[in-house]
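In the numbering used here, the protein residues as written are 346 to 684. Heads up, the beta-carbon is just placed ideally off N, CA and C, and yes, glycines get one too. Nothing here was measured: the structure is a model prediction, and the numbers come from that model.
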């Protein structure tokens with residue numbers, strides 16, 4: 346009888362204590378947000394190992410679903426008119442009014458998931474509308490002194506392709522596609538096509554893994570390429586091709602750059618013009634040429650360009666269209682070689 350009473354008492358004690366233990370063991374997730382230029386930035390932070398790193402994100406229309414690996418306790422400010430959130434079990438639902446697309450980034454210290462939610466009104470103000478006929482907006486082109494265009498060496502034998510983002514750096518993420526996966530697929534297809542043309546082609550990343558900017562730069566420089574081509578995506582209806590601005594670098598950045606790109610800016614612009622021309626003709630999309638001072642371009646000791654492709658809301662990335670896009674880029678490079 347005594348043993349039965351003891352067992353019953355222990356069982357009752359466990360039943361009383363277990364709910365509190367369950368809550369204590371739950372991972373705490375803190376939500377913060379801010380509104381920046383018609384973009385809502387949502388930061389989810391948790392000190393529990395794996396909570397943020399293993400979270401799965403899905404986006405559909407105005408709803409963003411964040412599924413954590415286990416149940417969690419949410420700490421968040423009061424609901425405002427910018428967006429609403431609810432928690433059900435392991436999933437956090439974010440209802441964002443006027444959502445166009447989201448960009449995701451996972452940070453390690455402390456573990457954070459950053460969701461940049463771009464709104465339709467903000468996109469309309471920042472990006473130009475589609476025009477009835479595609480156009481190219483040329484940047485000024487100045488050839489080196491005393492060196493006619495026809496004498497410039499045109500052969501591109503070694504190319505480094507840089508698929509943007511990767512791993513926890515997801516890039517643009519919508520219900521239709523993720524930037525990191527699509528640019529990798531396009532880069533691999535372009536590598537295959539170029540190798541058939543007897544080109545040496547290298548990828549800064551060959552699978553879905555994170556590569557830091559410095560890792561990409563050092564890898565590219567190690568290959569001594571004739572061209573670095575970085576691929577990204579935008580949420581707009583056009584193609585933007587970027588080259589490094591021709592300017593003197595001062596201050597702390599000088600030792601990193603050492604004016605290495607300055608000697609290649611003219612060639613970078615020529616290549617950009619050729620590729621942009623073939624893309625415009627083959628895909629019937631607007632192409633814009635712009636200057637952008639970013640390390641993947643500025644630190645390159647070779648011609649370097651960055652191509653931003655249209656968003657999936659404006660371009661159908663079917664297998665057939667991807668092949669058409671890849672062929673257009675390749676034909677632009679071959680046209681450059683022919684002069």
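Through-space distance from residue 640 to residue 646, alpha-carbon basis: Counted from its first residue, the chain shown places residue 646 at position 301. Counted from its first residue, the chain shown places residue 640 at position 295. Distance between the alpha carbons of residue 646 and residue 640: 11 Å.
Boundaries of the alpha helix (DSSP H) in which residue 611 is found, first to last residue: Working through the chain shown from its first residue, we reach residue 611 at position 266. Taken as a continuous stretch (DSSP letters only), the alpha helix (DSSP H) holding residue 611 covers 610-628.
Cut-off 6 Å between Cβ atoms - residues of its own chain near residue 399, not counting five sequence neighbours on either side: Counting from 1 along the chain shown, the entry for residue 399 is found at position 54. Sequence-distant Cβ neighbours of residue 399 in its own chain, meaning closer than 6 Å and more than five residues away, are 414.
Counted within 10 angstroms of its Cβ, other Cβ atoms place residue 537 as buried (16 or more) or exposed: Here residue 537 is taken as the residue at index 192 of the chain shown, counted from 1. With a threshold of 16 other beta carbon atoms within 10 Å, residue 537 falls short and is exposed.
Residue 457 - partner residues in DSSP beta bridges: Here residue 457 is taken as the residue at index 112 of the chain shown, counted from 1. Beta bridge pairing from DSSP links residue 457 with 390 and 452.
Simplified DSSP assignment, three categories, for residue 432: Numbered from 1 along the chain shown, position 87 holds the residue referred to as residue 432. In the structure shown, residue 432 sits in a strand (DSSP, three-state: E or B).
For residue 381: DSSP bridge partner residues: For the purposes of this step, residue 381 is identified with residue 36 of the chain shown, where counting begins at 1. For residue 381, which the question treats as bridged, DSSP gives the partners 384.
CA-to-CA distance, residue 673 to residue 442, given in whole angstroms: For this step, residue 442 is matched to residue 97 along the chain shown. For this step, residue 673 is matched to residue 328 along the chain shown. Each residue's alpha carbon lies about 38 Å from the other.
Length at least 4, wholly inside the region 510-564: the alpha helix (DSSP H) runs in chain order: Fully contained in the region 510-564 are the following alpha helix (DSSP H) runs of length 4 or more, in chain order: 524-541.
Three-state secondary structure (DSSP) of residue 309: Any property of residue 309 remains undetermined from this structure, which presents the chain solely from 346 to 684.
Same chain, Cβ closer than 8 Å to residue 667, five either side skipped, listed in chain order: Taking the first residue of the chain shown as position 1, residue 667 is located at position 322. Closer than 8 Å at the Cβ level, and outside the excluded window around residue 667, lie 530, 531 and 534.
Rounded Cβ spacing between residue 430 and residue 438 (contact assumed at less than 8 Å): Residue numbering aside, residue 430 sits at position 85 when the chain shown is read from its first letter. Residue numbering aside, residue 438 sits at position 93 when the chain shown is read from its first letter. Rounded, the Cβ-Cβ distance is 6 Å, consistent with contact.
Beta-bridge pairing of residue 440 - partner residues as DSSP gives them: The count along the chain shown starts at 1 and reaches residue 440 at position 95. As DSSP reads the structure, residue 440 sits in a beta bridge with 408 and 429.
Pick from 541, 449, 575 and 539 that is closest to residue 652, judged by C-alpha positions: Translated into the one-based positions of the chain shown, residue 652 becomes position 307. Among 541, 449, 575 and 539, the Cα nearest to that of residue 652 belongs to 575.
With 16 other Cβ atoms within 10 Å as the buried cut-off, status of residue 475: On the chain shown, position 130 is the one that residue 475 refers to. Note that residue 475 scores 33 on pLDDT, short of 50, meaning its location in the model is unreliable; the coordinates nonetheless yield the value given after this. Burial call: exposed.
Where residue 653 falls: helix, strand or coil (DSSP): As a working mapping, residue 653 is identified with position 308 in the chain shown. If DSSP states are grouped into helix, strand and coil, residue 653 belongs with the strands.
Sheet register partners of residue 577 (DSSP bridge): On the chain shown, position 232 is the one that residue 577 refers to. Residue 577 is bridged to 653.
Member of 608, 617, 419 and 573 whose CA lies at the smallest distance from the CA of residue 433: The sequence position of residue 433 within the chain shown is 88, counting from 1. Distances from the CA of residue 433 to each of 608, 617, 419 and 573 were compared; the closest alpha carbon is that of 419.
Host beta strand (DSSP E) of residue 504 (start-end): As a first step, residue 504 must be located in the chain shown, where it is residue number 159. Unbroken beta strand (DSSP E) run through residue 504: 503-508.
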